[in-house]
Each structure stands twice: as C-alpha cells, then as structure tokens.
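One structure is given below, encoded as structure tokens.
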Amino acid sequence: MCKENYFQLLKEVIEERIPFNKLIGLKIEKLDLESIGIRFKMRPELVGNFMRGNLHGGVISTVLDLTGGMVAWAGIMNNTKELSFEEVTERFAKIGTVDLRVDYLRPGLGKYFVSTGSALRTGNKLSV
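Structural data, given as structure tokens:
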C-alpha cells in the first residue's frame with residue numbers, strides 16, 4: 001500500500017471511526033508528511049463557559065493531542081520505506097501521548113477553530 005493510501009485511511013479513521021472525534025466534528029484539512037491541519041466548527045455542545053460562550057478547554061486539549069499524534073504518525077511514515085498494512089497498523093496502535101501541556105492564553109471564541117502541527121524531530125521512541 002502506498003503512503004497516499006495510508007493518509008486516506010488515517011483521515012477516514014480520524015473523521016469517521018472515532019466517535020468522540022465525530023462528536024466534536026473534526027475534519028482533516030491537510031495531511032501530508034510535513035504538516036497536519038484539523039478544523040472544526042463551534043457548536044453549543046462545545047461551550048465550556050456558558051456566560052462567555054467560549055470553547056471548552058478539554059476540546060482544545062483533545063484537538064491538540066490528536067494533532068500531535070497525527071504529526072508523530074506522519075513522522076513515522078516519513079522515516080520508513082514501504083510498509084505492509086499490518087506493519088503500519090501495528091505502529092499506529094503504539095502511538096500515545098507522553099506529555100501534554102496547554103497554556104490557555106486566550107478564550108476560544110469564534111465560529112470555527114483550526115489546529116496545525118509539524119514535527120521538529122521524529123526519533124525511534126519520541127516525536128517532538
């Protein structure tokens with residue numbers, strides 16, 4: 001299977017097969033070996049502060065976590081030769097967040113939100 005097919009499969013998994021991502025309404029706008037782009041619309045179900053109407057911090061963390069995971073996956077794909085479907089699935093299943101820190105500098109206000117990411121370095125065990 002070529003890398004483009006893996007990207008299409010990952011997009012389908014993220015958007016359609018993970019119920020929580022569907023609940024948020026995540027859509028992959030950009031997905032390649034260099035960077036990731038995720039977009040979602042603001043909805044009443046995603047409000048964290050009902051008085052201000054801003055985005056819930058947990059949604060922000062979730063989307064940042066997903067963006068980081070996808071960046072790590074793209075880094076793995078970039079550093080490997082052609083892999084079988086089973087090998088890619090096995091590697092993807094092992095990806096997990098080691099650490100996540102979010103500084104909420106401003107409230108999430110808007111009609112839609114975009115999360116982008118790219119890897120500074122991808123090694124055998126960690127991606128930064």
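Residue numbers for the sequence shown, in this note's numbering: 1 to 128.
Backbone N, C-alpha and C define an ideal beta-carbon position, used for all residues, glycine too.
Who are Phe113's beta bridge partners in DSSP? Phe40
Please name the residue, chosen from Leu55, Glu34, Leu46 and Arg43, that lies closest to Arg106 on a Cα-to-Cα basis. Leu55
Hey, out of Glu86, Ile95, Tyr104 and Arg39, whose CA is closest to Gly68's CA? Ile95
Who are the near neighbours of Ile36 in its chain, counting only those whose CB is closer than 6 Å to its CB and skipping five residues on each side? Thr67, Met70, Val71 and Gly117
Where Thr122 falls: helix, strand or coil (DSSP): strand
Leaving out five residues before and five after Phe92 in sequence, what residues of the same chain have Cβ atoms less than 7 Å from its Cβ? Trp73
Since Phe40 and Phe113 should fall inside the 8 Å C-beta cutoff, what is the C-beta to C-beta distance between them, to a whole number of angstroms? 6 Å
Name, in chain order, the residues that DSSP records as bridge partners for Asn49. Asn54
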